[in-house]
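Everything in the sequence shown is counted per UniProt numbering, starting at 1 for the first residue and increasing by one.
Read the structure below first, then the notes.
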Amino acid sequence: MTSLRFVEKLRDLVGSVEVVLSDIWGVVHNGLEAFPEACEALHNFRKQGGTVILITNAPRPADSVQRQLRKFGVADEIYDAIVSSGDLTRHFIAGHPGRKLFWIGPERDSSIHRGLDPILAPLEQADYIVCTGLFDDETESAEDYRAMMLQARERQLTLICANPDIVVERGDRLIYCAGAIAELYRELGGEVIFYGKPHRPIYERAIELAAERQGHPIKLDRVLAIGDSVRTDLAGAHGFGIDCLFVTRGIHAEEFEGIDQLDPASVKELFGHPPKALTRELRW
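So, in structure tokens, the structure goes:
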């Protein structure tokens with residue numbers, strides 16, 4: 001591919017698309033409030049018979065994500081279902097009863113354990129680690145966890161990453177996520193299991209739900225992913241074999257200044273595998 005395709009409107013891309021798998025944070029809202037035009041675009045796609053599955057690296061169950069969306073002003077009518085990395089992590093916890101886990105994350109993510117009755121333990125006694133985020137993402141970075149991760153590696157603990165994102169928008173700032181700690185642990189030689197984009201399980205589950213809504217198996221060439229992260233959204237779509245509409249206003253906004261003047265070599269360096277198209281923000 002030698003050039004990038006820019007589109008201003010979602011409707012220009014979805015003529016043969018049955019299913020949209022949309023990222024949430026950075027596409028539908030910015031962590032504080034909804035993007036009205038993005039919500040309208042997804043709603044209009046649904047009104048034309050399309051299915052919208054929101055796929056998110058949120059380390060919480062889908063119902064908790066839904067409550068947050070409502071708080072930000074995102075209406076239920078813009079999507080058919082939500083698949084979260086938190087739900088996939090809960091399946092892992094439920095599948096390992098009786099094993100002690102050490103939880104790294106803020107109290108607001110406690111819903112990831114709801115109804116599972118996990119055995120929470122200090123690191124010295126744990127059988128594995130679940131990381132949903134930093135204890136204080138306003139002031140900390142992954143480096144604050146280096147000593148803890150070295151200790152975990154010595155004990156050969158597996159770390160379950162409930163949010164592979166490195167950073168995410170919160171208003172006009174970028175804050176660190178669980179993925180930053182997980183990548184540090186992996187660099188130190190620790191074993192990490194990632195749930196969420198760009199890994200296959202979240203896409204497989206989303207396609208299952210879309211097939212239920214459409215009433216027939218879904219062909220991947222009729223699926224469009226939408227996201228704002230090269231590392232998770234774009235790489236995940238490419239790895240799963242589906243097209244991606246890349247939103248440039250998100251976490252990579254500064255890197256995409258003047259992107260329409262990029263040469264092919266720079267495009268490859270920036271994206272690896274370029275998306276089907278780019279748009280500054282999602283609109284119908």
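Glycine residues also receive a C-beta, built at the ideal position from the N, C-alpha and C atoms.
All of these numbers come straight from a predicted model, not from anything done at the bench.
Rounding to the nearest angstrom, what Cα-Cα distance links residue i and residue j in this structure?
i, j, result
"residue 56", "residue 232", "10 Å"
"residue 92", "residue 197", "16 Å"
"residue 58", "residue 163", "6 Å"
"residue 1", "residue 271", "Residue placement at residue 1 cannot be trusted, given a pLDDT of 45 that sits under 50; what the coordinates show is reported in the next sentence. Residue 1 and residue 271: Cα-Cα distance of roughly 11 Å."
"residue 90", "residue 112", "6 Å"
"residue 37", "residue 122", "45 Å"
"residue 87", "residue 116", "12 Å"
"residue 243", "residue 227", "11 Å"
"residue 145", "residue 107", "17 Å"
"residue 156", "residue 118", "20 Å"
"residue 188", "residue 276", "35 Å"
"residue 96", "residue 200", "21 Å"
"residue 173", "residue 66", "23 Å"
"residue 224", "residue 236", "12 Å"
Can residue i and residue j be called in contact, C-beta distance under 8 Å?
i, j, result
"residue 179", "residue 161", "yes"
"residue 135", "residue 104", "yes"
"residue 282", "residue 247", "yes"
"residue 344", "residue 32", "Because the chain in this structure spans residues 1 to 284, residue 344 falls outside the shown range and cannot be described."
"residue 128", "residue 153", "no"
"residue 16", "residue 54", "no"
"residue 207", "residue 218", "yes"
Can you say whether residue i is buried or exposed, counting buried as having 16 or more other CB atoms within 10 angstroms of its CB?
i, result
"residue 175", "buried"
"residue 29", "buried"
"residue 102", "buried"
"residue 190", "buried"
"residue 215", "exposed"
"residue 194", "buried"
"residue 114", "exposed"
"residue 78", "buried"
"residue 120", "exposed"
Is the CB of residue i under 8 Å away from at least one CB in chain D?
i, result
"residue 227", "Given the protein chain composition of this structure (a single chain), no chain D is represented."
Mind reading off the beta-carbon distance from residue i to residue j? Whole number of angstroms is fine, and I expect it under 8 Å.
i, j, result
"residue 278", "residue 4", "6 Å"
"residue 52", "residue 20", "5 Å"
"residue 35", "residue 14", "About 18 Å; that fails the 8 Å criterion."
"residue 40", "residue 222", "That pair is no contact at about 22 Å."
"residue 150", "residue 192", "At roughly 15 Å, the Cβ-Cβ gap does not stay under 8 Å, so residue 150 and residue 192 are not in contact."
"residue 25", "residue 168", "5 Å"
"residue 12", "residue 60", "34 Å between Cβ atoms; not a contact."
Using only the heavy atoms of the ligand NAD, determine whether one of them is closer than 7 Å to the beta carbon of residue i.
i, result
"residue 128", "Annotation note on the ligand NAD: not contained in the displayed structure, which lists no ligands."
Beta strand (DSSP E) runs wholly inside the stretch 213-250, at least 3 long, in chain order: Counting only unbroken stretches of 3 or more residues, the beta strand (DSSP E) elements lying wholly within the stretch 213-250 are 223-227, 243-247, in sequence order.
Residue ranges of each beta strand (DSSP E) run of no fewer than 3 residues wholly in the stretch 142-177, ordered along the chain? Correct list: 158-161, 167-170, 173-176.
At which residue ranges does the stretch 116-146 contain complete alpha helix (DSSP H) runs of 4 or more residues, listed in the order of the chain? Taking only runs of at least 4 residues, no alpha helix (DSSP H) segment lies wholly in the stretch 116-146.
Please specify which runs of the beta strand (DSSP E), each continuous and at least 3 residues long, are wholly inside the stretch 25-113, giving them in chain order. Within the stretch 25-113, the complete beta strand (DSSP E) runs of at least 3 residues are 51-56, 81-84, 100-104.
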